[in-house]
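K.L.:
First, the structure itself, so that you have it in front of you.
2 protein chains.
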Amino acid sequence: MISKVKNAMSTLVGGMACAADSLPPRFPYGRPDFLDLTPELLQYSTEHASRPVLTVKRDSRLPWRTGYAEVINAGKSMLNEDQASCEKVFVKKPSGKHRNSSMLEDNGVSKVPGHPLKCLDGTGIPLHFWGVFDGHAGSGAAIMASKLLHRLIRDRLGEVCHLLENPNCAPPICLAKNGSPYQADTKKGAAQETEDPDAVTDSSVRFHMEKVVSLQSLVMGVIETAFTQMDNLIEKEKASYAISGGCCALAAIHLMGKLYVANAGDSRAIIIRNKEVIPMTNEFTPESERQRLQYLGFLRPELLGNEFTSIEFPRRIQHSELGKKMLYRDHTMTGWAYKTIVEDDLKFPLIYGEGKKARVMATIGVTRGLGDHELKVYNSNIYIKPFLSCAPEVKVYDMEENQHGPDDVLVMGTDGLWDVTTDREVADAVSSYLSGCDPSDPMRYTLAAQDLLMRSRGVLKERGWRLPNERLGSGDDITVFVVPLARPESET
Amino acid sequence: MISKVKNAMSTLVGGMACAADSLPPRFPYGRPDFLDLTPELLQYSTEHASRPVLTVKRDSRLPWRTGYAEVINAGKSMLNEDQASCEKVFVKKPSGKHRNSSMLEDNGVSKVPGHPLKCLDGTGIPLHFWGVFDGHAGSGAAIMASKLLHRLIRDRLGEVCHLLENPNCAPPICLAKNGSPYQADTKKGAAQETEDPDAVTDSSVRFHMEKVVSLQSLVMGVIETAFTQMDNLIEKEKASYAISGGCCALAAIHLMGKLYVANAGDSRAIIIRNKEVIPMTNEFTPESERQRLQYLGFLRPELLGNEFTSIEFPRRIQHSELGKKMLYRDHTMTGWAYKTIVEDDLKFPLIYGEGKKARVMATIGVTRGLGDHELKVYNSNIYIKPFLSCAPEVKVYDMEENQHGPDDVLVMGTDGLWDVTTDREVADAVSSYLSGCDPSDPMRYTLAAQDLLMRSRGVLKERGWRLPNERLGSGDDITVFVVPLARPESET
Numbered sequence: 002m003i004s005k006v007k008n009a010m011s012t013l014v015g016g017m018a019c020a021a022d023s024l025p026p027r028f029p030y031g032r033p034d035f036l037d038l039t040p041e042l043l044q045y046s047t048e049h050a051s052r053p054v055l056t057v058k059r060d061s062r063l064p065w066r067t068g069y070a071e072v073i074n075a076g077k078s079m080l081n082e083d084q085a086s087c088e089k090v091f092v093k094k095p096s097g098k099h100r101n102s103s104m105l106e107d108n109g110v111s112k113v114p115g116h117p118l119k120c121l122d123g124t125g126i127p128l129h130f131w132g133v134f135d136g137h138a139g140s141g142a143a144i145m146a147s148k149l150l151h152r153l154i155r156d157r158l159g160e161v162c163h164l165l166e167n168p169n170c171a172p173p174i175c176l177a178k179n180g181s182p183y184q185a186d187t188k189k190g191a192a193q194e195t196e197d198p199d200a201v202t203d204s205s206v207r208f209h210m211e212k213v214v215s216l217q218s219l220v221m222g223v224i225e226t227a228f229t230q231m232d233n234l235i236e237k238e239k240a241s242y243a244i245s246g247g248c249c250a251l252a253a254i255h256l257m258g259k260l261y262v263a264n265a266g267d268s269r270a271i272i273i274r275n276k277e278v279i280p281m282t283n284e285f286t287p288e289s290e291r292q293r294l295q296y297l298g299f300l301r302p303e304l305l306g307n308e309f310t311s312i313e314f315p316r317r318i319q320h321s322e323l324g325k326k327m328l329y330r331d332h333t334m335t336g337w338a339y340k341t342i343v344e345d346d347l348k349f350p351l352i353y354g355e356g357k358k359a360r361v362m363a364t365i366g367v368t369r370g371l372g373d374h375e376l377k378v379y380n381s382n383i384y385i386k387p388f389l390s391c392a393p394e395v396k397v398y399d400m401e402e403n404q405h406g407p408d409d410v411l412v413m414g415t416d417g418l419w420d421v422t423t424d425r426e427v428a429d430a431v432s433s434y435l436s437g438c439d440p441s442d443p444m445r446y447t448l449a450a451q452d453l454l455m456r457s458r459g460v461l462k463e464r465g466w467r468l469p470n471e472r473l474g475s476g477d478d479i480t481v482f483v484v485p486l487a488r489p490e491s492e493t
Numbered sequence: 002m003i004s005k006v007k008n009a010m011s012t013l014v015g016g017m018a019c020a021a022d023s024l025p026p027r028f029p030y031g032r033p034d035f036l037d038l039t040p041e042l043l044q045y046s047t048e049h050a051s052r053p054v055l056t057v058k059r060d061s062r063l064p065w066r067t068g069y070a071e072v073i074n075a076g077k078s079m080l081n082e083d084q085a086s087c088e089k090v091f092v093k094k095p096s097g098k099h100r101n102s103s104m105l106e107d108n109g110v111s112k113v114p115g116h117p118l119k120c121l122d123g124t125g126i127p128l129h130f131w132g133v134f135d136g137h138a139g140s141g142a143a144i145m146a147s148k149l150l151h152r153l154i155r156d157r158l159g160e161v162c163h164l165l166e167n168p169n170c171a172p173p174i175c176l177a178k179n180g181s182p183y184q185a186d187t188k189k190g191a192a193q194e195t196e197d198p199d200a201v202t203d204s205s206v207r208f209h210m211e212k213v214v215s216l217q218s219l220v221m222g223v224i225e226t227a228f229t230q231m232d233n234l235i236e237k238e239k240a241s242y243a244i245s246g247g248c249c250a251l252a253a254i255h256l257m258g259k260l261y262v263a264n265a266g267d268s269r270a271i272i273i274r275n276k277e278v279i280p281m282t283n284e285f286t287p288e289s290e291r292q293r294l295q296y297l298g299f300l301r302p303e304l305l306g307n308e309f310t311s312i313e314f315p316r317r318i319q320h321s322e323l324g325k326k327m328l329y330r331d332h333t334m335t336g337w338a339y340k341t342i343v344e345d346d347l348k349f350p351l352i353y354g355e356g357k358k359a360r361v362m363a364t365i366g367v368t369r370g371l372g373d374h375e376l377k378v379y380n381s382n383i384y385i386k387p388f389l390s391c392a393p394e395v396k397v398y399d400m401e402e403n404q405h406g407p408d409d410v411l412v413m414g415t416d417g418l419w420d421v422t423t424d425r426e427v428a429d430a431v432s433s434y435l436s437g438c439d440p441s442d443p444m445r446y447t448l449a450a451q452d453l454l455m456r457s458r459g460v461l462k463e464r465g466w467r468l469p470n471e472r473l474g475s476g477d478d479i480t481v482f483v484v485p486l487a488r489p490e491s492e493t
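Next up, the structure:
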């Protein structure tokens, strides 16, 4: 049995048939460490026929009593391509010795774990991290991101740790090499460019203003650049390891009283507060990002490989329709107009299809995420990657501006959850489940996560996985975090 | 006195000193026709010292009893560079003779005004149009757009008039040359690409779906393409005429029970219904469109002419700061992070400045509009136009889904109005003014527009134009429409 799993792993971790097959995986396939699965349970988790729900054990203490549940797909891939991570780490200054050099080794992990400078209370600034990574075309990118993204964020924040220690001071615009604020002689700069050094004209103000950047904007920027760094690391390590596929990445980071939710892909996070839904993400799909992708195709037509057109049509055009008029829209349009069909319009549309069937270049149904550097249009030499962005959208929720009860939570889930259950249904289900649950039960958020997951998976009937209303359940991998927003003092 | 105006006109209509000076203006300078100004009043309107408010006359019947007021700037340009139009026109089928050819003469006006096919009740489908055009660097583009944009929209809608007549039918995806729906043999097309012509696989569905497009989306698309056509027409006619500058364009189009508000620039429209504000536009400025512009500069660095960098910094960088770290953000980021300064970062940022002082390439403070084809960065050969977009954002308001009282209105204004008066203040002022006004007074909306305008202009004191709270009034040109949403049956 185990060898079957091992075989599956070695096949899939390597990804699609290519030279990468001979490379070792960057990380072996597995489920999140916090599940603490035995080999038998790992094997059990891969049963597509029964789709068992995995949750954390009663004695496993995830930070904040975080609830978690996951289930494998109904057969669309051999392994569960979702991954998850939940970590408490500490943001620390890098040691003086290393401050001026890159703090990252090739694998993206701090060089100086044993030599942190003391920061704040001596242990660093606590950072809580929750991530869900929805892989496709293999598990490699999702596993690697689940192991490293929080470390990259921690280390990048470590570089500005001395600024975080003064939360009421705006970050200096310029830093000297030793990290201390650097004040250029801007007056001199101004004088050089105006004829009268004493004249403060509108134009000199315009040319010499300084924008004030908040500490929150700095943290957002650090998270954004950490996603880019993660993506670059995957690309770089493909030279030495088999890192298959790509993944949507959704991360929640709690730092100094604020919750930063960063999303690249079609996973989703909502806050449920007093039974109301506060959306924390937008999904990035071929439909929601149509204009960005069309704009890129319009500006860089060579990326379309003479096979695709950046113009959208409501259906494919046939040769017999040349010269007729067809509805279209380009990157500037939200509405539709008619255009006379020319030869170039016979190419396949860059964006095509509706809803879950919408695809970029007939290949992929999400438009942001990590990995996918080798992904090409089937039977062609056209790369998808330039159209995919690894940039997350980051939203911020101030935990301290709001009062939270024990039933107020952050729910994070991959699209398997949300495809069949709406935000409102999730909020109602969680609120209803938690209100019937002992507030002191350490398992209450995991049970709520399991309940949510069951609602989207359904039960196996003769005609497949079905919800109580007989609609089809989700056949996708499903991963859910339920994170309580009110915590005992000891947990902050 | 008049000759002074004439001189000013001939100087300014021609625009900046260039070969265009020797060309005739496309349209002579003037104020909107509906103001029906005498030469004396036209001269009076240009007095920067007194800034007289112009409104429509009591006996001028603008459609829907529309209210209007305008005032010249406090001296920043010799003439009022705002323009406005308010028209009731009829959408008609082009004649059969012309159906297959372009319906536009070179000046963008229908070739066949005297030969419309009868449509609906014989006169065509009524279309109401309100436009405000905020010019810069000359009046030419704003005047031309105020004369022609509504005609372009009317004529383009005329091409699909037969589809508008069946408001409950979705527009056909493909039209034959005679305008009738064309149904391709899609089954045959599908069969050619799947091995088994009878097999309906997921992939064949994906490749052969048809999107349903609503009539509303078609009208939106027609408006969007009419803006592009208007912009192309300005460019084309610059070969024969002096058409100076560019303009922000804000248009409201009422057609068949729906109000389409199309905005390209920093003018603004709000609906005030039951004293509540419904925003109908977003402003397009260097700050709001930063990422779009940075993306273009990133993908097409040659457009930056080796003078500008697409990366944003909070202030200019000095040579002495090379090698230090500075806050930055690129086209993927919302937050800020630190980067080590390299030689390339010493270039001037593509987007620079804050609020009303933000500029694209240190030159222009709006990012959408018509015209500006000749606009270059000062003392360089770098064109601004590729960064400016003529594409409007179109929002739709369903007039028939809502009940409107006599104090419910659409307010449209150039930025001169909104720079000093917030949406909320405008809504409070209009609601308060109208509620104290006889509902049957035909001038009530013009008086409300005049009241709004005075609130933003203020009164002339020793220290310039001041509001009652002593803050500075707007020194810009100001143009305001107040359009009632409830109308007598006879006016629909």
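For the record, the sequence lines run as chains A and B.
Here my numbering is used: the first residue of the first sequence is 2, the next is one more, and so on.
Here my numbering is used: the first residue of the second sequence is 2, the next is one more, and so on.
Backbone N, C-alpha and C fix where the C-beta goes; we use that ideal spot for every residue, glycine too.
Remember, predicted model here, so these are calculated numbers, not experimental data.
Looking at chain A, is there any beta carbon in it that lies within less than 9 Å of the beta carbon of B:Pro172?
P.N.:
Chain A, which has a Cβ nearer than 9 Å to the Cβ of B:Pro172, makes this yes.
K.L.:
Between A:Leu256 and A:Asp399, is the Cβ-Cβ spacing less than 9 Å?
P.N.:
Taking 9 Å as the Cβ cut-off, A:Leu256 and A:Asp399 do not qualify as a contacting pair.
K.L.:
Within 10 Å of its beta-carbon, does B:Pro494 have 16 or more other beta-carbons around it, so buried, or fewer, so exposed?
P.N.:
Nothing can be reported for residue 494 of chain B: it is not among the residues displayed for chain B, which extend from 2 to 493.
K.L.:
Which residues bound the beta strand (DSSP E) around B:Ala374?
P.N.:
According to the sequence as given, residue 374 of chain B is His; it is not Ala. Neither: B:His374 is in no beta strand (DSSP E) and is coded neither H nor E.
K.L.:
To the nearest angstrom, report how far apart B:Ala240 and B:Lys358 are at their CA atoms.
P.N.:
Approximately 33 Å, taken between the alpha carbons.
K.L.:
On the three-state DSSP scale, how would you describe A:Gly474?
P.N.:
Note: A:Gly474 maps to coil in three-state DSSP.
K.L.:
Is B:Ala392 close to chain A? Criterion is C-beta to C-beta, closer than 9 Å.
P.N.:
B:Ala392 counts as touching chain A.
K.L.:
Quick check on the burial criterion: 16 or more other C-beta atoms within 10 angstroms. Buried or exposed for A:Lys178?
P.N.:
Exposed, by the Cβ-count rule.
K.L.:
Which bits of chain B does A:Gly222 rub up against, with CB to CB less than 9 Å?
P.N.:
Here the neighbours are Leu328, Tyr329, Arg330, Met334, Thr335, Gly336, Trp337, Ala338 and Tyr339.
K.L.:
Going along the chain, which residues of the segment 130-152 of chain B sit with their C-beta nearer than 7 Å to a C-beta in chain A?
P.N.:
Against chain A - using a Cβ distance shorter than 7 Å - the segment 130-152 of chain B contributes no residues.
K.L.:
Of the residues B:Asn307, B:Met281 and B:Glu288, which one's Cα is nearest the Cα of B:Gly414?
P.N.:
Here the closest residue by C-alpha is B:Met281.
K.L.:
Answer with buried or exposed for A:Ala50, where buried requires no fewer than 16 other C-beta atoms within 10 angstroms of its C-beta.
P.N.:
Per the 10 Å Cβ criterion, exposed.
K.L.:
Assess contact between the segment 443-463 of chain B and the segment 26-41 of chain B, defined as three or more Cβ pairs (one per stretch) separated by less than 8 Å. Is contact present?
P.N.:
No, the segment 443-463 of chain B is not in contact with the segment 26-41 of chain B.
K.L.:
So is B:Val395 in contact with chain A if we call contact Cβ pairs under 9 Å?
P.N.:
B:Val395 counts as touching chain A.
K.L.:
I'd like the span of the alpha helix (DSSP H) that includes B:Ser432, first residue to last.
P.N.:
From DSSP, the alpha helix (DSSP H) with B:Ser432 extends over Asp424 to Ser436.
K.L.:
Does the beta-carbon distance from A:Arg27 to A:Gly139 come in below 9 Å?
P.N.:
No.
K.L.:
Check whether the Cβ of A:Arg62 lies closer than 9 Å to any Cβ atom in chain B.
P.N.:
For A:Arg62, the answer is no, since every Cβ of chain B falls outside 9 Å of its Cβ.
K.L.:
Can you pull the chain A residues whose beta carbon is under 8 Å from the beta carbon of B:Tyr183, in chain order?
P.N.:
What B:Tyr183 touches in chain A: Glu322 and Lys325.
K.L.:
Do the CB positions of B:Glu88 and B:His137 come within less than 9 Å of each other?
P.N.:
Cβ atoms of B:Glu88 and B:His137: not closer than 9 Å.
K.L.:
Shorter than 9 Å from the beta carbon of B:Met413 to some beta carbon of chain A?
P.N.:
Answer no: the Cβ-Cβ gap between B:Met413 and chain A never drops below 9 Å.
K.L.:
Go ahead and pull the three-state DSSP assignment for B:Thr447.
P.N.:
Helix at B:Thr447.
K.L.:
Given a limit of 7 Å on CB to CB distance, which residues of the segment 259-289 of chain A reach chain B?
P.N.:
Listed by position along the chain: nothing, the set is empty.
K.L.:
Exposed or buried, B:Asn380, counting other C-beta atoms within 10 Å across all chains shown (16 or more means buried)?
P.N.:
Exposed.
K.L.:
So what does B:Tyr329 bridge to, in DSSP terms?
P.N.:
B:Ala338, per the DSSP bridge assignment.
K.L.:
Would you kindly work out how many angstroms separate the C-alpha atoms of A:Arg445 and A:Val54, rounded to a whole number?
P.N.:
Approximately 16 Å between the Cα atoms of the pair.
K.L.:
Which residues mark the beginning and the end of the beta strand (DSSP E) in which B:Met400 is found?
P.N.:
Careful: B:Met400 lies outside any beta strand (DSSP E) and carries neither H nor E.
K.L.:
Tell me the DSSP bridge mates of B:Trp131?
P.N.:
In the DSSP output, where bridge partners are listed per residue, B:Trp131 has B:Cys87 and B:Ala253.
K.L.:
Can you give the Cα-Cα distance for A:Arg291 and A:Ile352, rounded to whole angstroms?
P.N.:
Cα to Cα, the separation comes out at about 7 Å.
K.L.:
Taking the alpha carbon of B:Asn79 as the point to measure from, which residue in B:Gly132, B:Ser46 and B:Thr67 has its own alpha carbon closest?
P.N.:
What sits at residue 79 of chain B in the sequence shown is Met, not Asn. Comparing Cα-Cα distances from B:Met79 to each of B:Gly132, B:Ser46 and B:Thr67, the minimum goes to B:Ser46.
K.L.:
List, from N- to C-terminal side, the beta strand (DSSP E) runs of 3 residues or more that fit wholly inside the segment 142-185 of chain A.
P.N.:
Correct list: empty.
K.L.:
Helix, strand or coil for B:Val54 per DSSP?
P.N.:
Coil at B:Val54, not helix or strand.
K.L.:
By Cβ distance, which residues of its chain are closer than 8 Å to A:Ile342, with the 5 residues on each side in sequence left out?
P.N.:
If we look at A:Ile342 and ignore the five residues flanking it on each side, its Cβ neighbours are Ile318, Glu322, Leu323, Gly324, Lys325, Lys326 and Met327.
K.L.:
Output needed for B:Leu473: all residues of its chain with C-beta closer than 8 Å, excluding positions within five of it in sequence on either side, in chain order.
P.N.:
Cβ within range, chain order: Val421, Gly459, Gly465, Trp466 and Arg467.
K.L.:
Using 8 Å as the Cβ pair cut-off and three pairs as the minimum, do the segment 225-234 of chain B and the segment 328-339 of chain A touch?
P.N.:
In short, these stretches touch, since the Cβ pair count reaches three.
K.L.:
How many angstroms separate the CA atom of A:Gly406 from the CA atom of A:Asn275?
P.N.:
Near 8 Å, if we compare the C-alpha coordinates of A:Asn275 and A:Gly406.
K.L.:
By the three-class DSSP mapping on this structure, what secondary structure does B:Thr281 have?
P.N.:
What sits at residue 281 of chain B in the sequence shown is Met, not Thr. Coil at B:Met281, not helix or strand.
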